[in-house]
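Since the structure comes first, as structure tokens, the remarks are kept for the end.
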Amino acid sequence: MKKVGLMAVCLVFLFVSSGFAKESKGLNVIVTSGDAQTQMMAMALSMMTIKKGKEVKMVLCSKAGDLAVKGMKGEIIKPLNKSPEMMLKALIQKGATVKVCPLYLPNAAKDESVLIDGVTVAVPAEVAASLLDDEYQNLSY
Numbered sequence: 193m194k195k196v197g198l199m200a201v202c203l204v205f206l207f208v209s210s211g212f213a214k215e216s217k218g219l220n221v222i223v224t225s226g227d228a229q230t231q232m233m234a235m236a237l238s239m240m241t242i243k244k245g246k247e248v249k250m251v252l253c254s255k256a257g258d259l260a261v262k263g264m265k266g267e268i269i270k271p272l273n274k275s276p277e278m279m280l281k282a283l284i285q286k287g288a289t290v291k292v293c294p295l296y297l298p299n300a301a302k303d304e305s306v307l308i309d310g311v312t313v314a315v316p317a318e319v320a321a322s323l324l325d326d327e328y329q330n331l332s333y
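Just so you know, the sequence shown maps onto residues 193 to 333 in our numbering.
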């Protein structure tokens, strides 16, 4: 009898707690790696997130900032037979928010004119607020 009562309490707790679980609005994705396969993993998971109807907010820093520069050609990655740059452009077309960190351009001796359409410079306070927003999951590559 005690076991049945304990089981009932556990089931009630399970159902009540699952009712309070919040569904994520999407992903914050920080990409700093210059490695094409690592960049592609970030792009592929971001694309799957958008296809599931969720938001993607991406910030590119360090070597990954090169992905947002006009005319950059990257390595084609299998099995998708696309480059991270190609995937980034597709993400932007599907509604992803993509920014370069404010340190990237001045340290790469570049300015905003080199950025592909749809990419802007991140504002640190906005990025911090997004990373602290518990309605988003954070991924870093």
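Cβ coordinates follow ideal geometry from the N, Cα and C atoms, glycine included.
Expressed to the nearest angstrom, what Euclidean distance is found between the alpha-carbon atoms of residue i and residue j?
i, j, result
"G266", "L219", "24 Å"
"Q229", "S332", "14 Å"
"S305", "E215", "38 Å"
"L297", "D309", "15 Å"
"A317", "T224", "19 Å"
"K302", "G245", "34 Å"
"D227", "M264", "14 Å"
Pick from the options: whose alpha carbon is nearest that of residue i?
i, options, result
"Y328", "M233, K249, G226, D227", "K249"
"C293", "I284, L331, V251, L272", "V251"
"N334", "M235, D258, M264", "This structure leaves residue 334 out entirely; the chain is present only between 193 and 333."
"V315", "K291, L324, A301", "K291"
"L295", "S254, S225, A236", "S254"
"M240", "L283, N273, K262", "L283"
"S238", "A256, T289, G226, I268", "T289"
Let me know the secondary structure DSSP gives residue i once reduced to three states.
i, result
"G263", "coil"
"V251", "strand"
"V290", "strand"
"L307", "strand"
"S332", "strand"
"G257", "helix"
"N299", "helix"
"T312", "strand"
Can you round the beta-carbon distance between residue i and residue j to whole angstroms, since I take them to be within the 8 Å contact cut?
i, j, result
"I242", "G287", "7 Å"
"M232", "P271", "M232 to P271, Cβ: 10 Å. No contact."
"M279", "A236", "7 Å"
"A260", "L307", "5 Å"
Is residue i near the ligand MN, going by C-beta to nearest heavy atom under 6 Å?
i, result
"D309", "Ligands displayed in this structure: none; no statement on the ligand MN is therefore possible."
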